[in-house]
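Q:
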Amino acid sequence: MRLTCATIAMCSVFTATSLHAQSAFGCSGLEDNRELPAIEGKHGVFYRINTDIRMNHPFSAAIVNHLAELSRALESRGTTLVFAPIPTKSVSMPGDLPDQARLYGFDLNVATAVHDDVLDRLTAAGVLTVDIRQALLKAEPGKLPFFNSDFHWSAYGANLGAAAIADVIKAHPFYETLPVTQFTTEPVAEETAFSGMRRVLQTRCTVTLPEPITMTWNTQPVGNDSGLDIGLGDSADAGIDIFGQTADTIPIVLVGTSFSDSPINNFPNWIAQHTSLEVVNFAITGGNQYGAITSYLTSAEFQEAPPAFLVWENPIYNNLAQYGDQPLRELIGAAANNCAAERPVAIAKDRLSVTADVSGLDASDTLFLDTGGSTAHEVDYTFVSANGGERLKALRRGERLRRTGRFYMPMTGLWPDGAQQVRIDLSAPFGADARLYVCHPLPHQEEKS
């Protein structure tokens, strides 16, 4: 049969009309959007294909072991790590998944098992881990823990997650030793959150998508007119003073991503409400997996006054191995503060580089560079072997991270017999008192090269 131009045109119109008919918002080609491939679920809920529909999350045994080392290092300073992985939207709101999800190989039972396996392995390794997925599944009918057209959680979802974190903290023996502060939280008004995801989706839809609207809340200490001041970690001037803080130990410090940093969801204040403990928030929007916790653990605030609990919120789909072992080894070194062995350094005249002898060190050791207050955000380590070979290891701090001037680099990825010398180049001059130390592993944390 020979198709005429008119027949082909009718088929094209019919196909396009059929595609739009399957969408409540006239969306088409969402899955082909290179910027943000997505699928439309029920009740106007949208899921990202590359993260929400993904079933496998990179969480290797090495990552679990490093998190366990970090937990032990913090414990040596009197701090309990509370790891709070944010689950994917698909396993938290499975009732709104479309049948189309199966076309991408999505199986809810498998995705749930993978999620739970990560939590089980962390718990078995001694990491205090929060099951936020179970909390979000308890959402009341008609209330969404995540925004329908965005990947962030609403204030309602943040409240559920905070309650789960509070249950874990209150079950810890150290909780009973902390001074409590009662808080009350009152509704303020509905607000619309900014959503880059919704903007991208809207370009493929003819009908206005649901806006990320949530009730906002105001949390106050009971019996006092002053609000809770939770110094945010995305500003160099952010304070850590919080109302009523009289104890030597800060009860809770929160580090994390935009899930914790967005003021519209009230997340840190929900934690304060449910734990009756004051919370200092160092979360950073756009700081990736490690931005907030690296900024905090390398800061003077942590070194001088470690908190009782450190809550680390991090979406489970964020790959903690994306940048190799350096970020977690840096956190372990900063947390343990076991870096008393100083190595003499020779500082260049322009104060942009130093050289030092690093012979005798192995892969279990970490170099701690205290720049003396440099504002550098780029550091290059050029290691030199006994026969003159060179290997470069680079360390980068994002623009949104705090300039603490402290950097940690593990001695991994070098030669079997280690390096003899290192030259360290900064993107900004060293301060007046630059020093280089070696962080040795704690006795029960030794690694093999």
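Reading the sequence shown from the start, the letters are residues -21 to -1, 1 to 428 in mature numbering (1 follows the signal peptide of the UniProt record, and there is no 0).
Yeah, the Cβ is synthetic: ideal placement off N, Cα and C, and Gly gets one too.
Just so it is clear, the structure is predicted and the values come from calculations on it, not from any experiment.
1. Is the Cβ-Cβ distance between E14 and V167 less than 7 Å?
2. So, helix, strand or coil for Y296, using DSSP?
3. Hey, is the region 346 to 356 in contact with the region 406 to 418, meaning 3+ C-beta pairs nearer than 8 Å?
4. Check whether the region 369 to 382 touches the region 314 to 330, taking contact to mean three or more Cβ pairs, one atom from each stretch, closer than 8 Å.
5. Comparing the C-beta of A325 with each C-beta of chain D, is any distance below 7 Å?
6. Looking at the secondary structure, which residues open and close the beta strand (DSSP E) in which E19 lies?
7. Count the other C-beta atoms from every protein chain shown that fall within 10 angstroms of the C-beta of F238, then say buried if there are 16 or more, exposed otherwise.
8. Pick helix, strand or coil for Q399, following the three-state DSSP scheme.
9. Using only the heavy atoms of the ligand SAH, determine whether one of them is closer than 6 Å to the beta carbon of G57.
10. On the three-state DSSP scale, how would you describe A41?
11. Does the Cβ-Cβ distance between P189 and S128 come in under 7 Å?
12. Starting from W291, follow its DSSP beta bridges and name the residues at the other end.
13. Report yes or no: do the region 242 to 261 and the region 148 to 165 share at least 3 C-beta pairs separated by less than 8 Å?
14. Please report how far the alpha carbon of T163 lies from the alpha carbon of T391, in whole angstroms.
15. Is DSSP giving Y135 helix, strand or coil here?
16. How would you label L82, buried or exposed, when you count the other beta carbons within 10 angstroms and need 16 or more for buried?
17. Could you work out which residue in E48, L371, P191 and V186 is closest to I133 when comparing CA atoms only?
18. Less than 7 Å separating the beta-carbons of G136 and F125?
19. Can you tell which of E165, A413 and A150 has the C-alpha that lies nearest to the C-alpha of V201?
20. Identify which residue in T228, Q399 and Q181 has its Cα closest to the Cα of A3.
21. Between G20 and P77, is the Cβ-Cβ spacing less than 7 Å?
22. Pick from H45, D344 and L9: whose alpha carbon is nearest that of P306?
23. Determine, using beta-carbon pairs with one atom in the region 44 to 61 and one in the region 84 to 95, whether at least three such pairs fall under 8 Å.
24. DSSP state of W196, grouped into three classes?
25. When burial is assigned at 16 or more other CB atoms within 10 Å of the CB, is G175 buried or exposed?
26. Can we say the region 242 to 252 touches the region 269 to 286, given the rule of at least three CB pairs closer than 8 Å?
27. Please classify S69 as buried or exposed, where buried requires at least 16 other C-beta atoms within 10 Å of its C-beta.
28. Could you compute how far the alpha carbon of G210 sits from the alpha carbon of D412?
A: Short version:
1. no
2. coil
3. yes
4. no
5. Chain labels in this structure do not include chain D; a single protein chain is all it has.
6. A17 to E19
7. buried
8. coil
9. Inclusion of the ligand SAH in the displayed structure is not the case, the ligand content being empty and no account of it being possible.
10. helix
11. The answer is yes: Cβ separation under 7 Å.
12. Its beta-bridge partners are F62 and V234.
13. yes
14. 49 Å
15. helix
16. Burial check for L82: the Cβ neighbour count within 10 Å stays below 16, so the residue is exposed.
17. A small correction: the amino acid at residue 133 is Ser; Ile does not occupy that position in the sequence shown. Among E48, L371, P191 and V186, the Cα nearest to that of S133 belongs to P191.
18. yes
19. E165
20. Q181
21. yes
22. H45
23. no
24. Strand.
25. exposed
26. At 8 Å Cβ cutoff, the stretches do not touch.
27. buried
28. The pLDDT assigned to G210 is 44, lower than 50, so where the model puts this residue is not dependable, and the model offers no usable value.
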